[in-house]
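Sequence lines, in order, name chains B and A. For the first sequence, numbering that gives the first Met the number 0 begins at 0 and goes up steadily by one. For the second sequence, numbering that gives the first Met the number 0 begins at 0 and goes up steadily by one.
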Amino acid sequence: MSIQVNNISKTFGSFAALKNVSLTVNDGELVALLGPSGCGKTTLLRIIAGLEFPDPASGPVLFHTDDVSRQDARRRRVGFVFQHYSLFRHMNIFDNVAFGLRVRPRNVRPNKAEIKHRVESLLNLVQLERHAALYPWQLSGGQRQRVALARALAVEPKILLLDEPFGALDAKVRKELRHWLRRLHDEMAITSVFVTHDQEEALELADRVAVLNTGRIEQVGTPEEVYDHPANPFVFNFLGNVNIFHCRDKEARQQVGLAQAAAATTGEKVAAAYVRPHDIEISRAADSETIPARVVHIAAAGPVAKIQLARLDTREMVHAEITRQKYRQLNLNTGESVYIKLQNPRYFSEDYVI
Amino acid sequence: MPTHRAQLKSQEGRWIRPALIAMALLFLALFLLMPLAAVFVEAFRRGIGAYVQTFTDPYAHSAIRLTLLVALMTIPVNLLFGVAAAWAIARFEFRGKGVLLTLIDLPFAVSPVIAGLMFVLLFGLHGLLGPWLLERDIQIIFAVPGIVLATLFVTFPFIARELIPLMQSQGSEEELAALSLGANGWQIFWKVTLPNIKWGLLYGIILCNARAMGEFGAVSVVSGHIRGQTNTMPLHIEILYNEYDFVGAFAMASLLTLLALVTLVVKSVVEWKSNKEHAHTEIGVLQ
């Protein structure tokens with residue numbers, strides 16, 4: 000079932016959490032709402048769920064073609080996984096998962112055997128079949144998250160919403176659950192939206208990513224689109240590390256060896272070049288487009304070698320990431336002078352405030 | 000130097016700690032345990048026969064009956080009010096929330112005698128609504144309704160005050176989860192809210208009950224002290240005492256004292272239980 004929100008605004012007192020946000024989630028898609036804390040992503044998710052209601056002037060929330068704006072969370076029948084799981088603490092795992100089935104009106108409520116069967120198969124799905132009799136406080140964070148998911152799935156929702164689903168877990172469990180959730184999504188083909196502040200999580204897991212900032216959607220697109228073609232400096236900055244090369248005057252442009260910078264600079268607006276660390280090329284030989292720099296620090300543990308350099312001309316710091324192979328070839332040492340070249344620079348006018 | 004200091008500290012501790020404990024115990028013994036013991040000593044001064052004799056008196060019977068009746072009427076009303084008020088205050092943001100909170104505390108701030116007097120001024124013969132009530136032959140003051148009203152006024156903060164911080168600290172996420180799973184308001188209350196607040200609620204009921212049975216000041220003003228009709232246990236004790244029937248007074252008092260002791264025991268059990276459950280959730284969060 001597709002989701003469509005149109006011109007949603009939400010203010011809390013004098014604080015505008017969302018400003019005219021529109022978003023479409025296609026049937027069966029997994030979409031990430033990505034942004035820093037306070038950007039409105041959770042508010043948007045709760046509005047989709049019906050746990051929060053937008054300002055009166057807002058447009059409708061559509062599920063498929065149905066306007067659900069006036070329905071509360073109970074009628075919308077979406078599966079919602081809360082950030083802190085919100086398991087019922089006085090119920091064991093089985094009863095937690097069975098809750099959504101047991102509160103159904105008598106005429107549509109499955110009988111005891113059916114409920115038992117359904118809960119057991121869900122616990123199987125989340126690999127907690129042996130924990131049915133335990134209470135939430137007896138489980139680890141990752142296990143609790145899976146119970147919360149099973150509980151949400153028990154009512155067979157057409158839409159699954161997850162609020163920072165891996166936020167409170169440690170890094171390793173996080174990664175495991177991430178892959179597991181993706182597999183689950185692909186098997187069930189359920190339209191899903193999840194909120195996260197972790198760009199790596201969003202890029203790895205989602206079909207499409209909506210990047211939010213201060214109550215607005217900055218860009219929506221596939222992970223490749225938003226990563227390779229960021230609409231603005233905020234998106235560029237938020238999706239990964241970045242080096243900014245200012246090109247305020249002609250001399251600076253010459254120095255950074257950016258012929259295109261001149262072209263991108265029109266009229267009064269001056270452009271700055273944004274370059275990812277892995278797009279900084281380090282070489283021993285100079286040419287017309289290189290900038291001389293000194294190696295300040297090397298962190299070579301891990302999949303890539305992280306090199307910190309200081310430009311010899313402006314003394315500005317530059318962060319570069321190169322493959323270990325390249326690192327061994329170059330045989331870099333701290334304090335050495337080398338040359339850097341910018342690959343795939345993106346230009347944004349300087350008056351844009353991040 | 001640090002070692003010297005530490006030693007000094009422990010030397011201080013050696014006599015200060017027992018001294019403080021002894022002082023506290025002495026104080027407790029003097030002001031709490033001795034009077035408590037005195038109640039029972041006085042009650043049994045003329046033997047168990049005289050003690051039992053007190054309770055065969057029909058006036059005593061009626062006082063006990065009335066006290067139980069008042070408690071039975073007060074608790075459900077306060078239960079309803081307390082849960083509703085706590086729910087409203089903990090779950091919703093609305094104008095006048097602060098005023099409501101202050102009003103709930105009002106009975107704590109007002110002397111019970113004044114509380115009783117307010118009802119007399121309102122419902123008494125020369126009160127605001129007196130003539131209107133007289134015309135319709137409804138008697139509130141110097142009758143059971145007045146006693147119930149005065150007791151209600153004095154006891155109504157107990158349950159609400161117990162629940163508000165509890166519900167505020169628990170938050171509404173579990174209730175929202177239940178809502179998103181399709182539960183209606185009634186189901187959310189019985190299956191999610193109530194189980195989470197049950198110990199706090201029970202504790203509030205216990206305190207409310209103890210106060211309802213023991214209230215003297217407010218009830219004294221509105222009751223009229225009519226034997227066999229509007230005398231509650233505390234009022235009956237006063238009458239017996241004033242008539243120099245010390246054994247009777249203290250025997251009656253021993254009943255209320257027992258009630259207090261039972262209240263304390265139940266309270267500790269409830270606190271222990273809820274702490275245990277709370278500890279579990281805390282551990283859960285840390286994991």
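Every residue gets a Cβ at the ideal spot worked out from N, C-alpha and C, and that includes glycine.
Any chain B beta carbon closer than 8 Å to residue i
i                      : result
residue 191 of chain A : yes
residue 179 of chain A : yes
residue 270 of chain A : no
residue 99 of chain A  : no
residue 241 of chain A : no
residue 165 of chain A : no
residue 182 of chain A : yes
residue 228 of chain A : no
Min CB distance residue i to chain A below 8 Å
i                      : result
residue 48 of chain B  : yes
residue 67 of chain B  : no
residue 207 of chain B : no
residue 235 of chain B : no
residue 149 of chain B : no
residue 352 of chain B : Bear in mind that a pLDDT of 46 at residue 352 of chain B, under 50, signals an unreliable position, so the number given afterwards is only what the model happens to contain. Answer no: the Cβ-Cβ gap between residue 352 of chain B and chain A never drops below 8 Å.
residue 14 of chain B  : no
residue 62 of chain B  : no
residue 0 of chain B   : no
residue 79 of chain B  : yes
Through-space distance from residue j to residue i, alpha-carbon basis
i                      : j                      : result
residue 281 of chain B : residue 233 of chain B : 26 Å
residue 158 of chain A : residue 173 of chain A : 22 Å
residue 146 of chain A : residue 31 of chain A  : 29 Å
residue 197 of chain A : residue 131 of chain A : 42 Å
residue 89 of chain A  : residue 192 of chain B : 30 Å
residue 285 of chain A : residue 289 of chain B : Residue placement at residue 285 of chain A cannot be trusted, given a pLDDT of 41 that sits under 50; what the coordinates show is reported in the next sentence. If you take the alpha carbons of residue 285 of chain A and residue 289 of chain B, they lie about 52 Å apart.
residue 96 of chain B  : residue 231 of chain B : 43 Å
residue 46 of chain A  : residue 35 of chain A  : 18 Å
residue 222 of chain B : residue 114 of chain B : 39 Å
residue 210 of chain A : residue 137 of chain B : 39 Å
residue 56 of chain B  : residue 41 of chain B  : 20 Å
residue 241 of chain B : residue 225 of chain B : 14 Å
residue 165 of chain B : residue 45 of chain B  : 17 Å
residue 28 of chain A  : residue 21 of chain A  : 10 Å
residue 26 of chain A  : residue 128 of chain B : 58 Å
residue 95 of chain A  : residue 86 of chain A  : 15 Å
residue 220 of chain A : residue 136 of chain A : 21 Å
residue 59 of chain A  : residue 185 of chain A : 43 Å
Check whether residue i and residue j have beta carbons under 8 Å apart
i                      : j                      : result
residue 204 of chain B : residue 180 of chain B : yes
residue 286 of chain B : residue 342 of chain B : no
residue 73 of chain A  : residue 162 of chain A : no
residue 102 of chain B : residue 182 of chain A : yes
residue 7 of chain B   : residue 53 of chain B  : yes
residue 328 of chain B : residue 316 of chain B : no
residue 209 of chain B : residue 17 of chain B  : no
residue 314 of chain A : residue 178 of chain B : Past the boundaries of the shown model lies residue 314 of chain A; chain A is included only from 0 to 286, so the question cannot be answered.
residue 338 of chain B : residue 304 of chain B : no
residue 217 of chain A : residue 70 of chain A  : no
residue 81 of chain B  : residue 153 of chain B : no
residue 176 of chain B : residue 144 of chain B : yes
Proximity winner among the options, relative to residue i (alpha-carbon distances)
i                      : options                    : result
residue 229 of chain B : B:320, B:302, B:346, B:144 : B:346
residue 208 of chain A : A:251, A:263, A:171        : A:263
residue 52 of chain A  : A:219, A:65, A:249         : A:249
residue 226 of chain A : A:17, A:239, A:162, A:175  : A:239
residue 117 of chain A : A:140, A:99, A:95          : A:140
residue 211 of chain B : B:19, B:131, B:3           : B:19
residue 22 of chain B  : B:30, B:292, B:331         : B:30
residue 309 of chain B : B:140, B:293, B:186, B:82  : B:293
residue 79 of chain A  : A:170, A:204, A:235        : A:204
residue 258 of chain A : A:212, A:136, A:100, A:274 : A:212
residue 41 of chain A  : A:168, A:102, A:274, A:254 : A:254
residue 67 of chain A  : A:230, A:245, A:272, A:268 : A:230
N-terminal and C-terminal residue of the beta strand (DSSP E) that residue i is part of
i                      : result
residue 245 of chain B : 242-245
residue 32 of chain B  : 29-33
residue 3 of chain B   : 2-11
residue 236 of chain B : Careful: residue 236 of chain B lies outside any beta strand (DSSP E), inside the alpha helix (DSSP H) at 232-237.
residue 301 of chain B : No beta strand (DSSP E) holds residue 301 of chain B; DSSP gives it neither H nor E.
Residue span of the alpha helix (DSSP H) that contains residue i, given as start and end
i                      : result
residue 195 of chain B : Not the alpha helix (DSSP H): residue 195 of chain B falls in the beta strand (DSSP E), residues 190-195.
residue 190 of chain A : Taken as a continuous stretch (DSSP letters only), residue 190 of chain A belongs to no alpha helix (DSSP H), as it is neither H nor E.
residue 142 of chain B : 140-153
residue 223 of chain B : 222-227
residue 231 of chain A : First-last for residue 231 of chain A: undefined, no H or E at that position.
* Asked: Of all the residues that make up the region 82-110 of chain B, which are near chain D by a beta-carbon distance shorter than 7 Å?
  -> This model lacks chain D altogether; the protein chains it does include are B and A.
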